[in-house]
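The block underneath contains the structure these notes are about, expressed in C-alpha cells.
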Amino acid sequence: GLRPDLPTAAEREEIKQLRTENYELRRANEILKAASVFFATGLDADRPK
C-alpha cells in the first residue's frame, strides 16, 4: 500500500517546481545585489571630494 511518510507524485512535482522557482529567485536576487553595488560604486565615484 501507500506509505504516509512519503510524498505523493503531486507533492514531488510541487517540490520540484518550488525548488526551481527558489533557484531562479535566488539567482535574480544575486544579480540585483551585484547591480546595486555596481551603481552605488559608480555614483560614489562621481561625487566631488
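The numbering of the sequence shown is the working numbering, which starts it at -9 and goes up by one. Using N, Cα and C, we set each Cβ at its ideal position, and we do this for glycine too. Note that the coordinates shown come from a computational prediction; the quantities given were computed from them, not determined experimentally.
Backbone secondary structure at residue i - three-state DSSP
i: Asp34; result: helix
i: Arg(-7); result: coil
i: Thr10; result: helix
Spatial neighbours of residue i in its chain, beta-carbon cut-off 8 angstroms, leaving aside the 5 residues before and after
i: Ile5; result: Pro(-3)
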